[in-house]
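Visitor: Residue numbers (the UniProt record's numbering): 1 to 277.
Note that the Cβ used here is the ideal one computed from N, Cα and C, for glycine as well.
Handing you this structure, nothing more for now.
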């Protein structure tokens, strides 16, 4: 009985902490997005005297000739293509790194992959390289940057998960006359669904919420992503806090929906490769 009460007690404490850390700030943002400019500037959690739900959100959508709508389109294109390229490249890289582990170059390659997690990206040299390739201020250039920045984490996850797939499958496929490419796409890649789901969700949230890379590598109002639309309601002398909070609510909905529906797959994919390898 005492163990059961302690179990429920720890659960209650965890629930209260999550409420304070996550839901109280989210409630603060939502409730202030319903207020007028004067009331929202008080930064209180009190209910508004007059709800301006439709007016605030309509103004956010219409600001700068529907800039937020264009930003949602740009962020969606950036996220979808970045994930597609990342999954394709990192799944193959993780498979090769795991299957050829122990070779002469494997330790060097693993070290280079790990350095990608530790060394921060350099803005000016990256702009110089993109400009030389003719990809600066282009969506393709930004997609390649997102893939490069998320490559180490995704490749390590794929490598760990590939270790749980028996090598006997590879040997049986080769005996049956299956080539390397066919082996990967027909046999190995379908078995990587759990970790692929984890990488898709985590990367989608990271790319969709990215602020720095679109700011530096894809400037221009027509190329704005959702995070850059926050500049629409801030200035040196005045900030429309109610509209800013409404914008935050709108751009937070897609990542929140992803986490709500795929949180179990995220945990499964993160822990699947911890048993072996």
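DSSP three-state label for residue 15, please.
Guide: Locating residue 15 in the chain shown gives position 15, counting from the first residue. Three-state DSSP puts residue 15 in a helix.
Visitor: Is residue 164 helix, strand or coil by DSSP?
Guide: Here residue 164 corresponds to residue number 164 of the chain shown, with the count starting at 1. Coil.
Visitor: Does the separation of the CB atoms of residue 189 and residue 86 fall below 9 Å?
Guide: For the purposes of this step, residue 189 is taken as the residue at position 189 of the chain shown. For the purposes of this step, residue 86 is taken as the residue at position 86 of the chain shown. It is not a contact, given that the beta carbons lie outside the stated cut-off.
Visitor: Does the structure place the segment 239-247 close enough to the segment 12-24 that three or more beta carbon pairs sit under 8 Å?
Guide: No contact exists between the segment 12-24 and the segment 239-247.
Visitor: For the segment 141-155 against the segment 197-209, do three or more pairs of beta-carbon atoms, one drawn from each stretch, fall closer than 8 Å, so that the two count as touching?
Guide: Yes, the segment 141-155 touches the segment 197-209.
Visitor: Note down, in chain order, each residue of its chain lying with its Cβ closer than 6 Å to the Cβ of residue 155, except the 5 sequence neighbours on either side.
Guide: Translated into the one-based positions of the chain shown, residue 155 becomes position 155. 90, 93, 94 and 113.
Visitor: Considering Cα atoms alone, identify which of 225, 167 and 22 is closest to residue 250.
Guide: By 1-based counting over the chain shown, the position of residue 250 is 250. Answer by Cα proximity: 225.
Visitor: How many Å lie between residue 220 and residue 28 at the Cα?
Guide: Taking the first residue of the chain shown as position 1, residue 220 is located at position 220. Taking the first residue of the chain shown as position 1, residue 28 is located at position 28. If I take the Cα positions, the gap works out to 31 Å.
Visitor: Quick check: what's the CA-CA separation for residue 343 versus residue 191?
Guide: Lying outside 1 to 277, the shown extent of the chain, residue 343 is not represented and no answer is given.
Visitor: Kindly indicate which residue of 107, 68, 127 and 23 has the alpha-carbon position closest to the one of residue 231.
Guide: Here the question's residue 231 lines up with position 231 in the chain shown. Comparing Cα positions, the closest option is 68.
Visitor: Going by DSSP in three states, residue 234 sits in which element: helix, strand or coil?
Guide: Stepping through the chain shown from its first residue, residue 234 is reached at position 234. DSSP places residue 234 in strand when its eight states are reduced to three.
Visitor: At which residues does the alpha helix (DSSP H) containing residue 132 begin and terminate?
Guide: Counting from one through the chain shown, the residue named residue 132 turns up at place 132. Here the alpha helix (DSSP H) through residue 132 covers 123-133.
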